[in-house]
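One structure is given below, encoded as C-alpha cells.
There are 2 protein chains.
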Amino acid sequence: MSVDKTLPDGTSGCADPVLGLFSSPLKVLNLGLDSFADELSAQGVEVLRVRWKPPAGGNAKLIGALDRITRGGFDVETANREAVSRILKGKPVLVDVGKALDVVPGMTKRTVLHAGPPITWERMCGPMRGAVIGGLLYEGLAKTRAEAEGLAASGGVDFSPCHHHASVGPMAGVMTASMPVWIFENETYGNRSYCTFNEGLGKVLRYGAFSDEVLERLRWIEKELAPLMKRALALHGPLDMRNIIAQALQMGDEGHNRNRAGTSLIIREFAPYLVRLGEDGEKVAKALSFMHANDHFFLNLSMPASKCVVDAAAGVEGSTLIVTMARNGTDFGIRISGLGDRWFTGPAGIVEGLYLPGFSAADAAPDIGDSVITETAGIGGFAMAAAPAIVKFVGGSPEDALAWTRRMYEITVAESEFYRIPILDFRGTPTGIDLRKVVETGILPVINTGIAHREPGIGMVGAGLVKPPVNCFEDALFAFAQTYGEGEKA
Amino acid sequence: MSVDKTLPDGTSGCADPVLGLFSSPLKVLNLGLDSFADELSAQGVEVLRVRWKPPAGGNAKLIGALDRITRGGFDVETANREAVSRILKGKPVLVDVGKALDVVPGMTKRTVLHAGPPITWERMCGPMRGAVIGGLLYEGLAKTRAEAEGLAASGGVDFSPCHHHASVGPMAGVMTASMPVWIFENETYGNRSYCTFNEGLGKVLRYGAFSDEVLERLRWIEKELAPLMKRALALHGPLDMRNIIAQALQMGDEGHNRNRAGTSLIIREFAPYLVRLGEDGEKVAKALSFMHANDHFFLNLSMPASKCVVDAAAGVEGSTLIVTMARNGTDFGIRISGLGDRWFTGPAGIVEGLYLPGFSAADAAPDIGDSVITETAGIGGFAMAAAPAIVKFVGGSPEDALAWTRRMYEITVAESEFYRIPILDFRGTPTGIDLRKVVETGILPVINTGIAHREPGIGMVGAGLVKPPVNCFEDALFAFAQTYGEGEKA
Chain A
6 MSVDKTLPDG
16 TSGCADPVLG
26 LFSSPLKVLN
36 LGLDSFADEL
46 SAQGVEVLRV
56 RWKPPAGGNA
66 KLIGALDRIT
76 RGGFDVETAN
86 REAVSRILKG
96 KPVLVDVGKA
106 LDVVPGMTKR
116 TVLHAGPPIT
126 WERMCGPMRG
136 AVIGGLLYEG
146 LAKTRAEAEG
156 LAASGGVDFS
166 PCHHHASVGP
176 MAGVMTASMP
186 VWIFENETYG
196 NRSYCTFNEG
206 LGKVLRYGAF
216 SDEVLERLRW
226 IEKELAPLMK
236 RALALHGPLD
246 MRNIIAQALQ
256 MGDEGHNRNR
266 AGTSLIIREF
276 APYLVRLGED
286 GEKVAKALSF
296 MHANDHFFLN
306 LSMPASKCVV
316 DAAAGVEGST
326 LIVTMARNGT
336 DFGIRISGLG
346 DRWFTGPAGI
356 VEGLYLPGFS
366 AADAAPDIGD
376 SVITETAGIG
386 GFAMAAAPAI
396 VKFVGGSPED
406 ALAWTRRMYE
416 ITVAESEFYR
426 IPILDFRGTP
436 TGIDLRKVVE
446 TGILPVINTG
456 IAHREPGIGM
466 VGAGLVKPPV
476 NCFEDALFAF
486 AQTYGEGEKA
Chain B
6 MSVDKTLPDG
16 TSGCADPVLG
26 LFSSPLKVLN
36 LGLDSFADEL
46 SAQGVEVLRV
56 RWKPPAGGNA
66 KLIGALDRIT
76 RGGFDVETAN
86 REAVSRILKG
96 KPVLVDVGKA
106 LDVVPGMTKR
116 TVLHAGPPIT
126 WERMCGPMRG
136 AVIGGLLYEG
146 LAKTRAEAEG
156 LAASGGVDFS
166 PCHHHASVGP
176 MAGVMTASMP
186 VWIFENETYG
196 NRSYCTFNEG
206 LGKVLRYGAF
216 SDEVLERLRW
226 IEKELAPLMK
236 RALALHGPLD
246 MRNIIAQALQ
256 MGDEGHNRNR
266 AGTSLIIREF
276 APYLVRLGED
286 GEKVAKALSF
296 MHANDHFFLN
306 LSMPASKCVV
316 DAAAGVEGST
326 LIVTMARNGT
336 DFGIRISGLG
346 DRWFTGPAGI
356 VEGLYLPGFS
366 AADAAPDIGD
376 SVITETAGIG
386 GFAMAAAPAI
396 VKFVGGSPED
406 ALAWTRRMYE
416 ITVAESEFYR
426 IPILDFRGTP
436 TGIDLRKVVE
446 TGILPVINTG
456 IAHREPGIGM
466 VGAGLVKPPV
476 NCFEDALFAF
486 AQTYGEGEKA
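Respectively, the protein sequence lines represent chains A and B.
Residue numbers for the first sequence follow this note's numbering, so the first one is 6 and each next one is one higher.
Residue numbers for the second sequence follow this note's numbering, so the first one is 6 and each next one is one higher.
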C-alpha cells in the first residue's frame, strides 16, 4: 500500500521519512520496560506505554519449545477448539447413588483410592496417611492404627489415584470399597464419574481424621443417608447439575469453597422427595439437618459434575488443554489432553489464606485434593468473581475475587455458555486452560482450597489460595513439543 | 492566617493578589454548569470541574422550607440519629403463625386491609378491586363477583390500610379475617408486625385474580400450609430473620424482587422440623414443593421483618426520616417519623421494566403494594448491588444495580451493620431515608417491583423499577416546615 504524500494545497509533505523523524515532534510507543519511557517522558516526549513481557519470562528453552509446537505439523488451535467444545457441551447429570465396589471401575476390596497423582505410602503426607488409616479401619481391614499403618506400608493394599477410576475426592480423597458414591453421567458423551459423600467440617476423614466419631459418621452415611438419597433421587429422577451450578453461580457460590447456595438448592430439590419415602421422620430429619449444617455438602456434587465433563475432553490428539489438575499433599500433578495418561508433577505448595483460631501456617499440610477439578472445568477459583463473599473464607478483598477471574481469561480458550457471572455482565466463566498460555504468560491457574493440618487425625485448619508449581507446566510443554513439535519425531 | 510571600532566594513574590491574578496562569474551579468550563478550556485554561446543582432544583419555595427547618428550634440531625438508630438496632424475629382475626390489631370479620395509603372502593384500581372481590368470596361475605362488588360499593365492609394495623401486604395487599399471617416481633423494641403467606406467581389474589383456583389455594394455605408452618416454627423456636436476610444479601438476593436465596434458606431451616411433625408425608411434601416452586415465598417474610423494624422509628419528634412508603395502585404515599400518622400522597407511577411474553406497558396497572417497606428499611432496591442477577427480572445492567445502591447513600443517613454488600467491599446497605435529602438532591428512592395487569383477575405481567411522585416528598417537606420550622408556629 502506498501513502499519498501530496498535501491538500498541492505542496509535498516531508518526502524523506528519516529527515521527517528529526524535524517533527516524536511520538513514542514503548513496549515493556518502563525505564526507556521514563527517560523520554522526562524530556517532554509523548510516550504511549504498552505493557509487555517477553513470552515465558524470556526463557529460551521454553520459547524454543513453544516455537517447535507452532511449527509442528499439528493444528493445536483446532485440537483445542475440539477439546474445549467437549467441555462446553458437557451436561453433568446426577443419576444414582451406589457402592464404590459395585460401580467404580477397577475398585476392589483392597483398593484405596486417593487424591492427586500416584503416590506410595512412604511419600504420603500426614492427612493422607490419616485418611488411609481411617479407610482401612472403616473397611475392617485393620483393627488399630498400628495395624492399618503396617498393612499400608507392607503393600497389602493397592493405592491408586481417584482420577484413574473416573473419580475425584476432596482433600485426601480416600475412597474404599464400601463407601457410597454419587454417580454422575455426562449426558452429552455418556461417560460417568464418581465421588464420595461430603462428611461436613471439623474432624473428618478427608482432612485425615480417623477417630471413632469419624468412622461412625461414615457408617451412618453408608447405612442411612446414602440409601435415603438414592431412593429420593430415584423418585425425583436424574438431576441436571449443570443447571444447579449455573444457579449457584448467580447466588454467590463459585462451586469449590463457597457452596452455600448449591447446598441450599440441593436441599430444596430433594426435601419433598425425601419426605415422600415414607421413612421414619427422625431419620429423614437427621439427613436434612446434616445437609443443612454443612455448606460443603455440595462440593462432592460440583466435583464429580466437573470431572465427567472434563474427562470427555481428554485424549484429543494435538491438544494442549489441561484436563487434570490434582494434588496428593506431596505432589501437584497435571495431565494434558494430547498427552494421554502421563502425569507431570511438582512439589505441592503451601496455601496462603486465613487460619481458624488457634492455628497458623506452621500447622498446614501442603496443598491436597482433587477439588481443583472445579477450576479445571472453569468454576471454583476461576469463577471467584461470582462469589465475592468468599474472601471472608479464603482471604483477600472482593476486588481480588474479580481480578482473579479476569486474569484467568488470559490462560483459557473459551467462555462457558451456562456458567455466567452476573457482576461481569453475565460473562461466561473462563474455561479450558491452555498449557501454552500458562507457560507463555507465566500466569498460573488460581486455586482456592481448604487447608489440612499436617498431622493425621486433626482436620481442617483454614482456607486460602495456592499456586501450583511452575515446573509441571514447563515439563508438560517440553513433553508436548517432543511429541508434536517440529523436528522432534522421525 | 498570613501567607509568607518571601521566596527562598530572599526576593518578594507578587505582593498584590489582584495583580498576581493577571500575571500568573489561571487555575479555575468551576461549579455546576459546564458551559463556563468549556469556554475556559477552549482558551487553554486549566479547569477543575465540580459537579454541583442548586438544592431542590433551585425551587425557591422548597429552599425556603429547608431553610426554615434549619433555623427552627428542633435539632433534626439528632432526631434523625435517634430514629435511624432504632432501625439499625431493630431485630426482626419470626415468632408465630396466627389467624388475622385473632392477632392483627383492629381486625374484624368485615375488615378488608389493603396496600398503600387509605382509599375508597370507587378510587381503587383494577387489581385491587379484584383482590377485594377475592377476599370477600374467600370469607363467604359474597357468593359472586357481582355480590362482592355490590357489598364493597355499599360501604358494607371496612377498608383500611395494612399499615394502620402493623401489617404489610405485597401488591394489592388484601388481608381478611380468616387469613393466616406470619407474626414477627422486633426483639429490640417489642413491637409486632403481620403479613399473609405468599401464594406464588401467576393467577394469585395479590395481583387481583379471584378465580376458584386462587381461592382454593388460599384455603389450602389456611387449612394445611399455615398450620404445618406454625407447628414447625414452634418446634424450631423463633427464627432470627435479620440473620437470614443478611445471609441472603450475600447470596444474590436484595429482599424485594429477588428472593431465591431467602426462600432456599427458609426451606433448609424448616425442612427438618416439618418432617419431625409426624404428619402425612404427602401433605408435608406438598408444603415443601410449594415453597420450592415459588422463589417469592420469602417476600412475605422480608416485608414484615422490615415493617416491625421501621415501625420502631416512627413518632420521633423532629425527625425527617421516611418511615412509610406504600402504594395502593392509585396513590403513592409516605409518612414521616416526626409527622405522626399523616400521609402525603401523589399519583402512583407506571413501572418501567420487563414484561412477560404477550404483555406490554399498555396492560400495566400503576405501581401497587406495600413491598416498598423493604426499601424503607434499607434493602430491596437500596440493596440492588447485592443482587446483580436481578436485572434479568427488572431490566437494566449489573452496573445499573451497583449505581442504584451507590446513589441511595446520598439520601440516607446511615449504613446497616448487619446487611452488607460483598461487592461494595461489604459496605452496609443505605438505611434511613431523610426527606430533606430527597428534596435537596432531587434523588428519589429507587423501588423495584412487580407489575400487575390493570384488569382484575389476570395477574402479574412483568417487573421493573418505578419512580415515586415528587409532590408527596415536597408536600411532606412543607408540612414539616410548618410544624417544626422557624416562624411557623406561635
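All C-beta atoms in this analysis are idealised placements derived from N, C-alpha and C, irrespective of residue type, glycine included.
Note that this is a predicted model, so its numbers are computed, not measured.
Whether residue i touches residue j by CB criterion (8 Å)
| i | j | result |
| --- | --- | --- |
| G77 of chain B | Y489 of chain B | yes |
| I341 of chain A | V328 of chain A | yes |
| S481 of chain A | L440 of chain A | According to the sequence shown, residue 481 of chain A is Ala rather than Ser. A contact, by the Cβ cut-off of 8 Å. |
| A136 of chain A | V179 of chain A | yes |
| Y199 of chain B | V186 of chain B | yes |
| G140 of chain A | V117 of chain A | yes |
| L93 of chain B | T436 of chain B | yes |
| M112 of chain B | A177 of chain B | no |
| A317 of chain A | R86 of chain A | no |
| A331 of chain B | G155 of chain B | no |
| A484 of chain B | R73 of chain B | no |
| L429 of chain B | T410 of chain B | yes |
| E218 of chain A | L210 of chain A | no |
| A237 of chain A | L282 of chain A | yes |
| M133 of chain A | N333 of chain A | yes |
| L326 of chain B | V98 of chain B | no |
| F387 of chain A | C477 of chain A | no |
| R224 of chain A | A369 of chain A | no |
Run of the beta strand (DSSP E) containing residue i, from where it starts to where it stops
| i | result |
| --- | --- |
| P110 of chain B | Looking at the DSSP string, P110 of chain B is not in any beta strand (DSSP E), and its letter there is neither H nor E. |
| V466 of chain B | M465 to V471 |
| L53 of chain B | E51 to V55 |
| S532 of chain A | Since the first residue shown for chain A is 6 and the last is 495, residue 532 of chain A is missing from the structure and cannot be characterised. |
| N35 of chain B | K32 to L36 |
| D375 of chain B | It is not in any beta strand (DSSP E) - D375 of chain B carries neither H nor E in the DSSP assignment. |
| T116 of chain A | T116 to H119 |
| P352 of chain A | F349 to P352 |
| I138 of chain A | From DSSP, I138 of chain A is part of no beta strand (DSSP E) but of the alpha helix (DSSP H) over G131 to E144. |
Unbroken alpha helix (DSSP H) run spanning residue i, endpoints
| i | result |
| --- | --- |
| C200 of chain A | Run containing C200 of chain A: none in the alpha helix (DSSP H); it sits in the beta strand (DSSP E), R197 to T201. |
| Y498 of chain A | With chain A covering 6 to 495 only, the question about residue 498 of chain A has no answer from this structure. |
| R441 of chain A | L440 to T446 |
| M246 of chain A | M246 to L254 |
| M234 of chain B | A231 to H241 |
| A42 of chain A | D39 to A47 |
| G455 of chain A | Premise fails: G455 of chain A lies in the beta strand (DSSP E), I452 to A457, not in any alpha helix (DSSP H). |
| A486 of chain B | V475 to Y489 |
| M296 of chain B | G286 to H297 |
In DSSP terms, what residue i is bridged to
| i | result |
| --- | --- |
| K104 of chain A | A:P185 |
| L359 of chain B | B:A468 |
| G260 of chain B | G260 of chain B is not bridged to any residue. |
| L270 of chain B | In DSSP, L270 of chain B forms no bridge with anything. |
| S172 of chain A | A:Y199 |
| I341 of chain B | B:I327 |
Beta-carbon separation (whole angstroms), residue i vs residue j, contact threshold 8 Å
| i | j | result |
| --- | --- | --- |
| S402 of chain A | L304 of chain A | Contact flag wrong, Cβ pair sits at about 24 Å. |
| E322 of chain A | G343 of chain A | 6 Å |
| C167 of chain A | G160 of chain A | About 20 Å; that fails the 8 Å criterion. |
Chain D within 8 Å of residue i, Cβ atoms only
| i | result |
| --- | --- |
| M256 of chain A | The displayed structure is made up of protein chains A and B, and chain D is not among them. |
Query raised in the report: Do the stretch 210–227 of chain B and the stretch 457–473 of chain B touch if we need at least three Cβ pairs shorter than 8 Å?
Result: These segments touch.
Query - At least three beta-carbon pairs within less than 8 Å, the stretch 256–272 of chain B to the stretch 267–278 of chain A - result: The answer is yes - the stretch 267–278 of chain A touches the stretch 256–272 of chain B, with three or more Cβ pairs under 8 Å.
Requested in this report: Would you check if the stretch 231–247 of chain A and the stretch 99–107 of chain A touch, i.e. whether three or more CB-CB distances between them fall below 8 Å?
Outcome: Enough Cβ pairs lie closer than 8 Å, so yes.
Requested in this report: Determine, using beta-carbon pairs with one atom in the stretch 388–400 of chain B and one in the stretch 469–481 of chain B, whether at least three such pairs fall under 8 Å.
Outcome: Touching, yes, given that three or more Cβ pairs across the two stretches are closer than 8 Å.
Query raised in the report: If we count Cβ pairs, one from each stretch, closer than 8 Å, do we get three or more for the stretch 271–283 of chain B versus the stretch 274–290 of chain A?
Result: Enough Cβ pairs lie closer than 8 Å, so yes.
Requested in this report: Count the CB pairs spanning the stretch 296–315 of chain A and the stretch 44–61 of chain A that are closer than 8 Å, and state whether there are at least three.
Outcome: With a cut-off of 8 Å, the stretch 44–61 of chain A and the stretch 296–315 of chain A do not count as touching, because too few Cβ pairs lie within range.
Query raised in the report: Touching or not, the stretch 452–460 of chain B and the stretch 62–72 of chain B, by the rule of three or more beta carbon pairs under 8 Å?
Result: Counting Cβ pairs under 8 Å, fewer than three are found: no touch.
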